[in-house]
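Last residue of the sequence shown? That's 404 in UniProt numbering, and every number before it is there in order.
To start, the structure itself, in structure tokens.
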Amino acid sequence: MQEVEIAIVGGGPAGLMAAEVLSASGRAVAVYEAMPTVARKFLLAGKSGLNITHSEPFASFSGRFGAASPHLRAALDAFPPQAVQDWCAALGIETFVGTSGRVFPTAMKASPLLRAWLRRLEAQGATISTRHRFIGFEGDALVFDTPDGKATVKSRATLLSLGGASWPRLGSDATWVDMLVERGVAVSPFRPANCGFDVDWSASFATRFAGEPLKSVTATSDAGTVQGEFVISRHGIEGSLVYAHAAALRDRLAAGGAANLVIDLAPGRSIDKLARDFARQGTKASFTNRLRKGAGLSGVKAALLREIAPEAGRRGPEELAALIKALPIPALRPRPIAEAISSAGGIEWAGIDASFMLKAMPGVFVAGEMIDWEAPTGGYLLTACLASGRAAAHGMEDWLRATS
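Encoded structure:
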């Protein structure tokens, strides 16, 4: 049996941040990662531009975590978005604020940041063992499946940072749930978050327009109204604008209600102006020309209008204008959780103390997406993972001092 001072199970952002804080204070830290390399989801998320955090006012930022906002507030207070940017700068990674308020590394990639981060961890003495898959407990010891067979590790304090249930091929497969439930830890079922939705498209529409973006539109649901863009998929709808409404649509469907994402196809024009412009057109004009001249709609926007409302061409100017300003796309179901950017559900907050320690398992701490919280895309997810990992590390320091 191997004995270590601190074991961190999971080499994602939360686990690596905890390892950084603890090794910087002189603690002996061992990180165990199931995959061949650490932070695979982090790297994939940053492949097309790593959104590290968000620059909006902190009062708004800290409220983006729904019912979990009060539970995460202390961790976010201690490591807010500006601290994330300062941390990047200390690693030699410059950042900039995009037009949407999102913060990115200047290089627009995750790999340079990860390399610098790993160099720091190595310099501080933290060790990382890959291909060590956590498979359970033997008494108070951790058990791993490794290339050399079963390995057992005894630690003074343990952080579990095993992720949620999205993108399981990258390591966050939620196989830990039964292990913790058996030890008295309450876990809420995982659900997809920041996900696409199935829509019952006609075969012709799906074939022709799958992959087409709808730009410069607004979308409304129980979550409010947001401007942006989304993409027509073969199965339905996806993209950042859909993700902003995903929790609201998912929860309405779960409650047994209809879930419509209501799209304004012409947000720069009022209903009255659209109605006047349609009314001025000749009665012999084709519907295609009426849409193009009266509302500036063509391509996928015009096709979506026809798909949702095949009879739209027979509507009068006022009714047509109202439809363009509030076109309901009926979402049938969320896409599978394996396709989701993130997940909701996880370890219930009632079972975690203020230091991120499991009440049912003294000396075992948790961080990141294992815990029951969710947030929209835009840097919120990553910031909360980093902040919770940092908070758990400080909790572990306090535990070690109190029990030494």
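Glycine is no exception: its CB is placed at the ideal position from the N, C-alpha and C atoms.
Proximity winner among the options, relative to residue i (alpha-carbon distances)
i: glycine 39; options: Phe65, Trp399, Asn51, Ala110; result: The sequence as given places alanine at residue 39; glycine does not occur at that position. Considering only alpha carbons, the answer is Ala110.
i: proline 328; options: Ala259, Ile271, Gly378, Glu339; result: Ala259
i: histidine 132; options: Asp140, Asp148, Ala387; result: Asp148
i: leucine 142; options: Lys273, Arg252, Glu5; result: Glu5
i: glycine 139; options: Arg183, Phe61, Phe205, Glu339; result: Arg183
i: aspartate 251; options: Leu76, Leu332, Ala174; result: Leu332
i: lysine 154; options: Glu238, Tyr32, Glu122; result: Tyr32
i: serine 202; options: Pro317, Ala83, Ile93, Leu305; result: Leu305
i: valine 199; options: Ser342, Arg335, Asp398; result: Arg335
i: serine 216; options: Gly296, Arg276, Gly224; result: Gly296
i: serine 188; options: Ala344, Glu94, Leu291; result: Ala344
i: proline 168; options: Ala393, Glu369, Leu386, Thr377; result: Glu369
i: leucine 68; options: Arg390, Leu381, Trp399, Ala402; result: Before going on, a small fix: residue 68 reads as alanine here, not leucine. That would be Leu381, whose Cα lies nearest to the Cα of alanine 68.
i: glycine 26; options: His71, Ala78, Gln124; result: Gln124
i: histidine 54; options: Ala402, Arg401, Gly379, Ala387; result: Gly379
i: alanine 360; options: Phe190, Leu180, Thr95; result: Leu180
i: isoleucine 52; options: Ala24, Ile93, Arg64; result: Ile93
i: arginine 234; options: Thr207, Ile263, Leu44, Ala126; result: Thr207
Cα-Cα separation, residue i to residue j
i: threonine 383; j: proline 192; result: 19 Å
i: glycine 268; j: glutamine 227; result: 11 Å
i: glycine 211; j: isoleucine 232; result: 6 Å
i: alanine 34; j: leucine 249; result: 33 Å
i: lysine 47; j: proline 105; result: 12 Å
i: threonine 220; j: proline 310; result: 22 Å
i: serine 166; j: isoleucine 337; result: 5 Å
i: leucine 50; j: threonine 99; result: 15 Å
i: serine 60; j: phenylalanine 356; result: 24 Å
i: alanine 151; j: leucine 113; result: 31 Å
i: tryptophan 87; j: valine 29; result: 20 Å
i: valine 97; j: alanine 107; result: 13 Å
i: tryptophan 399; j: alanine 246; result: 38 Å
i: glycine 257; j: alanine 223; result: 15 Å
i: leucine 162; j: isoleucine 128; result: 15 Å
i: threonine 225; j: leucine 320; result: 21 Å
i: proline 330; j: alanine 45; result: 28 Å
Sub-8 Å separation of residue i and residue j beta-carbons
i: glutamate 374; j: glycine 66; result: yes
i: alanine 58; j: proline 36; result: For clarity, residue 58 is phenylalanine in the given sequence; the question names alanine instead. It is not a contact, given that the beta carbons lie outside the stated cut-off.
i: glycine 299; j: glutamine 281; result: no
i: leucine 214; j: glutamate 229; result: yes
i: phenylalanine 287; j: glycine 313; result: yes
i: glycine 346; j: glycine 164; result: yes
i: methionine 1; j: alanine 157; result: no
i: tryptophan 117; j: leucine 91; result: yes
i: alanine 186; j: glycine 351; result: yes
i: phenylalanine 278; j: arginine 290; result: yes
i: alanine 244; j: proline 362; result: no
i: serine 62; j: asparagine 194; result: no
i: alanine 393; j: leucine 22; result: yes
i: phenylalanine 365; j: alanine 303; result: no
i: alanine 387; j: leucine 76; result: yes
i: phenylalanine 190; j: glutamate 307; result: no
Residue i: first and last residue of the uninterrupted alpha helix (DSSP H) it sits in
i: valine 38; result: Run containing valine 38: none; DSSP gives neither H nor E here.
i: arginine 290; result: 287-295
i: arginine 390; result: 380-403
i: glutamate 307; result: 299-308
i: lysine 273; result: 271-279
i: arginine 15; result: The displayed chain sequence assigns glycine, not arginine, to residue 15. Glycine 15 -> alpha helix (DSSP H) spans 13-24.
i: alanine 173; result: Looking at the sequence itself, residue 173 is aspartate, so the reference to alanine does not match. Aspartate 173 -> no alpha helix (DSSP H), and no H or E assigned at all.
i: aspartate 251; result: 246-254
i: serine 111; result: 111-123
i: arginine 208; result: 203-209
i: lysine 325; result: 317-325
i: serine 69; result: 69-78
i: alanine 259; result: It is not in any alpha helix (DSSP H) - alanine 259 instead sits in the beta strand (DSSP E) that spans 259-264.
i: valine 84; result: 81-90
8 Å contact criterion, which residue i and residue j should meet: CB distance rounded
i: alanine 18; j: alanine 367; result: 6 Å
i: isoleucine 371; j: alanine 322; result: Actually they are not in contact, since the Cβ atoms of isoleucine 371 and alanine 322 sit about 43 Å apart, beyond 8 Å.
i: glycine 171; j: valine 242; result: Rounded, the Cβ-Cβ distance is 25 Å, inconsistent with contact.
i: glutamate 20; j: arginine 115; result: Going by Cβ atoms, the distance from glutamate 20 to arginine 115 rounds to 14 Å, so no, they are not a contact pair.
i: phenylalanine 134; j: arginine 390; result: Going by Cβ atoms, the distance from phenylalanine 134 to arginine 390 rounds to 22 Å, so no, they are not a contact pair.
i: glutamate 318; j: alanine 354; result: The pair is not a contact, with the Cβ atoms about 57 Å apart (cut-off 8 Å).
i: proline 13; j: cysteine 385; result: 4 Å
i: leucine 265; j: isoleucine 324; result: 5 Å
i: glutamate 56; j: glycine 15; result: That pair is no contact at about 27 Å.
Boundaries (first-last residue) of the beta strand (DSSP E) holding residue i
i: leucine 159; result: 149-160
i: arginine 133; result: 133-138
i: alanine 30; result: 29-32
i: threonine 127; result: 127-129
i: arginine 102; result: 102-105
i: phenylalanine 144; result: 141-146
i: phenylalanine 190; result: 187-193
i: alanine 7; result: 2-9
Interface flag, residue i vs chain D, CB-CB below 8 Å
i: leucine 274; result: Among the chains of the structure shown, chain D does not appear; only one protein chain is present.
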